[in-house]
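Note that the protein sequences, when read in sequence, are chains A and B.
FYI, my numbering numbers position 72 of the first sequence as 72, with every residue one higher than the one before it.
FYI, my numbering numbers position 149 of the second sequence as 149, with every residue one higher than the one before it.
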Amino acid sequence: MIKRKQIAIYGKGGVGKSTTTSNLSAALSDIGYTVMQVGCDPKNDSTNSLRGGKPIPTVMDTLRSGSNDFEQIIHEGYNGIFCVEAGGPEPGVGCAGRGIIAAIELLDNNGIIDDYDPDIVIYDVLGDVVCGGFAIPIRQGLAEQIYTVTSSDYMAIYAVNNLFKGILKYSGSGGGLLGGIIGNSIKSLAEKEMIEDFSNKTDSEVIQYVPRSPTVTKCELEGKTTIEGDPDSDQAEVYRELARKVINNQKKFIPKPFDVDALNDWGSTWVSRILLHQKTSSQGIQDDGSGV
Amino acid sequence: MQPKPYDPDHKIDLDKNTCPNREQRANGTNVYYGKATQLIEDAKAGKTKCFDRELQQTSGCVLNFYLTVRVSTIRDAAIIYHGPLGCSSSSLGYREIFRSVPPELGRPQNFELNWITTNLQQSDVVYGASQKLKNAVLEAQKRYDPKAIFILTTCTSGVIGEDIEGAVNEIQPEVKAKIVPVHCEGVRSRLVQTGYDAFWHGVLKYLVKKPEKIQKDLVNVASMLSYTWQDRLEIKRLLGKVGLRVNFIPEFASVNQLEELSEAAVTAPLCPTYTDYLSRGLKQEFDVPYFLYPSPVGIKNTEAWLRQIGKYTGKEEEIEALIKEENKIWAPKLKSIRERLLNYRGDGKRLEVLGSLGQGRLLSQIPYFDELGLSSSAGLPQDFDNLILEDIENMVEDIGDFDILVSTFQAAEQGHITRNRDPDITLTCPFQGGAYKREKSVTRLHALRGDPDPWSTQSGYAGAIAFGEFILQSLENKAFENTMKEKTADSYKDSWYEQPNPLKYVDRESSK
Ligand SMILES: Nc1ncnc2c1ncn2[C@@H]1O[C@H](COP(=O)(O)OP(=O)(O)O)[C@@H](O)[C@H]1O
Ligand code: SF4
Ligand SMILES: [Mg+2]
Chain A
1 MIKRKQIAIY
11 GKGGVGKSTT
21 TSNLSAALSD
31 IGYTVMQVGC
41 DPKNDSTNSL
51 RGGKPIPTVM
61 DTLRSGSNDF
71 EQIIHEGYNG
81 IFCVEAGGPE
91 PGVGCAGRGI
101 IAAIELLDNN
111 GIIDDYDPDI
121 VIYDVLGDVV
131 CGGFAIPIRQ
141 GLAEQIYTVT
151 SSDYMAIYAV
161 NNLFKGILKY
171 SGSGGGLLGG
181 IIGNSIKSLA
191 EKEMIEDFSN
201 KTDSEVIQYV
211 PRSPTVTKCE
221 LEGKTTIEGD
231 PDSDQAEVYR
241 ELARKVINNQ
251 KKFIPKPFDV
261 DALNDWGSTW
271 VSRILLHQKT
281 SSQGIQDDGS
291 GV
Chain B
1 MQPKPYDPDH
11 KIDLDKNTCP
21 NREQRANGTN
31 VYYGKATQLI
41 EDAKAGKTKC
51 FDRELQQTSG
61 CVLNFYLTVR
71 VSTIRDAAII
81 YHGPLGCSSS
91 SLGYREIFRS
101 VPPELGRPQN
111 FELNWITTNL
121 QQSDVVYGAS
131 QKLKNAVLEA
141 QKRYDPKAIF
151 ILTTCTSGVI
161 GEDIEGAVNE
171 IQPEVKAKIV
181 PVHCEGVRSR
191 LVQTGYDAFW
201 HGVLKYLVKK
211 PEKIQKDLVN
221 VASMLSYTWQ
231 DRLEIKRLLG
241 KVGLRVNFIP
251 EFASVNQLEE
261 LSEAAVTAPL
271 CPTYTDYLSR
281 GLKQEFDVPY
291 FLYPSPVGIK
301 NTEAWLRQIG
311 KYTGKEEEIE
321 ALIKEENKIW
331 APKLKSIRER
341 LLNYRGDGKR
351 LEVLGSLGQG
361 RLLSQIPYFD
371 ELGLSSSAGL
381 PQDFDNLILE
391 DIENMVEDIG
401 DFDILVSTFQ
411 AAEQGHITRN
421 RDPDITLTCP
431 FQGGAYKREK
441 SVTRLHALRG
451 DPDPWSTQSG
461 YAGAIAFGEF
471 ILQSLENKAF
481 ENTMKEKTAD
491 SYKDSWYEQP
501 NPLKYVDRES
511 SK
């Protein structure tokens, strides 16, 4: 038996965390690991593509109903992956952070994870780390490694920088450390370079770049991960490569986040470069250097 | 995969920050009305659940229902409430009650309340308050120089997800006292027993030391607040006679007493529902044996309790001699009380007693009532969970079936039940005793450590007699009941008593 690996994947809303996480889970499961994926986002859609696009009842739903039947919170998905959604309130009411706390405490304190005994637990967490609740998977090494998904969108990188602040804050008291950055929806070299530069300047590392691909969308519409829906595609191979890297990755970085002003300055340089690049490619305008 | 069924031998996991909730650990419930046999069946089938009430009166939260009071009695420790001021208030009142108890009647002389609150405000909720907590730890160290500092969490710290363990790890190297975080946020669980487990979890994880030597003559006894000062003296007397020493924890214990829990020969119960987590933990981590049943209430169970202790301490013979000696003195007294109670009605029927009991007392009191010659066709526990399932099964086998009315201190429900069952004697818990009036006897079940008088003893031989006398007295003198009826109005309208359902306000839809 291998020692259980617990990781958390953070990132800005909509950046592709759940897509990446589900594909990662599916790829790991194909390799032969037992995987549990825990969605920690009140959107409750983390595991949808592992379950034919259908949502599952959440931990908070179960708690609220007064039931102690843990069978209601663990649902098997693609290839026997254990799917869990923490759940939480409708937008605009209640406290989503507390929902994450209550759900994770229920799983952890009752030894539910031990009962199902997965080799790998992946927490898919809404990643602006807006409050203490969303920081739970970072704290006290619940997850030993933290990964973050980002695109080259400035606000996505801004959220990563915030996450780094959170990791740094908890690093002194036994919190989980950074395993690496996953660059997602990559469409151009410039975007890659931007993320690469961010990682260099913050003492971190990019573990994998995932291109933007219509295959992902196609499979998602079928309620499937790319691994399940189009296993022979290049995109599936990218996710499998990510899975192999994650499993073997022992690195733990204490990142050095930018302070806000410095991030702003850094961001504006890169944003103009990327805009220029987009212009050149979409309108056929050349950037400086070799003229027409 | 199936969820795992309730396992009476379940392990506790001290790597975690805290215990599971009682709801999940033992399927606890806050409402039930039915036969004990039915409850046992439902509990086994996992059908017992918590429900909301549309009318909820007297009660407390995981933190402030006794836990605050208990922890604040630990003598050379300081206590920090990480929350708004109000969460900590209930321990203050008890300080006054305890200080009025003379040391010769049992209170340790050097009892001080070392109390600090972080008094969380709006901005602490918004920005987090771990710095404030760390400052409070430093302040507690400076002010009191305690051996341990207990941090009690609250709803506020829980909702904002304060990283208590993180703060503790950071600040521990700077203070001499051992820091013990206790996760007892009020919103955490509906069953106050979760707070007890959370407390023991912290004690086991942070305070109890590896045994340096085995103290073969040391007996751990976790003493409930509702047992009395005199009970401590009686238990000490009995075990002292056979050369055993009692380690009473946690109330009025020293930190050292908690540290050496691992060195004892056995952990004996006063209340199984209160002690089980500690007992299991000590067995699992340090191989200290334990038993959970019976408690030393009534002569029969006192003797069974003593025999268990004799077994684990290798004092079987001494205990038999003690039992012989004591039984000779006390059994005739009990017999005479029993005869008076049996003949009280004069129609050959037994007096009916209805007791408001914790689930631990449900196990200890009902056999004792039987011993006294009383009939108790029902008991009113605060709550019920699977931890006592086996014991209650044995008890039903022993004394027959009875009604269990789990009501979590709901005075209106208890008043309704009492009015309709109309027992000869009602024993109330101090929390809701004033809520209903009656002509027949009503008296207290206990006085929450408020009354140090010898007549309030309940445990051991002396307690079996004292409490019997107490019940007799409540039948003889009706002045209290009459005055109450005359001078004070009923708390509830007639319409409440006239409608048939004491659980009318339980919202059955709230749990599915
Ligand atoms: N590499 C990719 N290529 C194409 N579409 C993607 C890719 N990654 C994510 N998406 C799409 O982006 C949308 C948001 O992704 P999702 O994983 O739900 O984000 P998050 O979980 O971060 O909120 C989805 O519709 C998903 O299909
Ligand atoms: S912990 Fe919560 S329920 Fe308990 S007193 Fe404080 S605020 Fe009230
Ligand atoms: Mg998502």
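All residues carry an ideal CB built from backbone N, CA and C; glycine is no exception.
For residue i and chain B, any beta-carbon pair shorter than 7 Å?
i	result
G132 (chain A)	yes
R299 (chain A)	Outside the displayed span of chain A (1 to 292) sits residue 299 (chain A), for which this structure offers no information.
M1 (chain A)	Interpretation of M1 (chain A) is limited by its pLDDT of 48, a score under 50 that renders its predicted location unreliable; the figure taken from the coordinates is listed afterwards. So, not an interface residue.
S290 (chain A)	In this prediction, S290 (chain A) scores a pLDDT of 46, lower than 50, which makes its location untrustworthy; no coordinate-derived value is stated.
S29 (chain A)	no
I7 (chain A)	no
N200 (chain A)	no
I101 (chain A)	yes
Q208 (chain A)	no
G77 (chain A)	no
Anyone know if the C-beta pair for residue i and residue j falls short of 7 Å?
i	j	result
L177 (chain A)	Q208 (chain A)	no
T156 (chain B)	L133 (chain B)	no
S407 (chain B)	F51 (chain B)	no
K405 (chain B)	I388 (chain B)	The question names Lys, but residue 405 (chain B) is Leu in the sequence shown. No; because the gap between Cβ atoms is not below 7 Å, this pair is not in contact.
A177 (chain B)	K147 (chain B)	yes
V238 (chain A)	I120 (chain A)	no
I31 (chain A)	Y147 (chain A)	no
T20 (chain A)	V149 (chain A)	yes
C83 (chain A)	T58 (chain A)	no
Y368 (chain B)	L225 (chain B)	no
I249 (chain B)	A268 (chain B)	no
V62 (chain B)	S189 (chain B)	yes
H201 (chain B)	T18 (chain B)	yes
I149 (chain B)	A253 (chain B)	no
R51 (chain A)	G77 (chain A)	yes
Please indicate yes or no: does the CB of residue i lie closer than 6 Å to some heavy atom of ligand 2?
i	result
L63 (chain B)	yes
T194 (chain B)	no
C19 (chain B)	no
G186 (chain B)	yes
T154 (chain B)	yes
Taking the continuous beta strand (DSSP E) assigned at residue i, which residues delimit it?
i	result
D403 (chain B)	403 to 406
T267 (chain B)	266 to 268
N220 (chain B)	218 to 222
Over the uninterrupted alpha helix (DSSP H) stretch that includes residue i, give me the two end residues.
i	result
M155 (chain A)	154 to 171
Q122 (chain B)	122 to 127
N327 (chain B)	316 to 342
R245 (chain B)	Note, R245 (chain B): premise wrong, no alpha helix (DSSP H); beta strand (DSSP E) at 245 to 249.
V524 (chain B)	The shown model of chain B, from 1 to 512, leaves out residue 524 (chain B), and the question about it has no answer.
T538 (chain B)	Coverage of chain B is limited to positions 1 through 512, which leaves residue 538 (chain B) absent and any answer about it impossible.
R22 (chain B)	22 to 26
CB of residue i to nearest heavy atom of ligand 1: below 6 Å?
i	result
S220 (chain A)	According to the sequence as given, residue 220 (chain A) is Glu; it is not Ser. Correct: E220 (chain A) has its Cβ closer than 6 Å to ligand 1.
T150 (chain A)	no
K142 (chain B)	no
R244 (chain A)	no
T225 (chain A)	no
Any heavy atom of ligand 3 within a distance shorter than 6 Å of the CB on residue i?
i	result
K524 (chain B)	The structure shown does not extend to residue 524 (chain B), since chain B is modelled only from 1 through 512, so no value can be given for it.
K12 (chain A)	no
S18 (chain A)	yes
D153 (chain A)	no
Does residue i come within less than 7 Å of chain A when only Cβ atoms are used?
i	result
S511 (chain B)	yes
R508 (chain B)	no
G161 (chain B)	yes
Q24 (chain B)	yes
D15 (chain B)	no
P3 (chain B)	Unreliable positioning characterises P3 (chain B) in this predicted model, as indicated by a pLDDT of 40, which lies under 50. The coordinate reading is nonetheless provided below. Yes, P3 (chain B) lies at the interface with chain A (some Cβ there is under 7 Å from its Cβ).
So that I know if they touch, is there some Cβ in chain D lying closer than 7 Å to that of residue i?
i	result
Q122 (chain B)	This model lacks chain D altogether, as its protein chains are A and B.
| field | alpha helix (DSSP H) segments (min. 4 residues) lying fully within the segment 65 to 112 of chain A | value | 96 to 109
| said: My parser needs the beta strand (DSSP E) runs of 3 or more residues fully inside the segment 185 to 213 of chain A; what are they? | reply: 206 to 211
| task | Could I get the ranges of all uninterrupted beta strand (DSSP E) runs contained in the segment 410 to 441 of chain B, with 3 residues as the minimum, in chain order? | result | 425 to 428
| field | Ordered list of alpha helix (DSSP H) runs contained in the segment 75 to 148 of chain B, each at least 4 residues | value | 89 to 99, 122 to 127, 130 to 144
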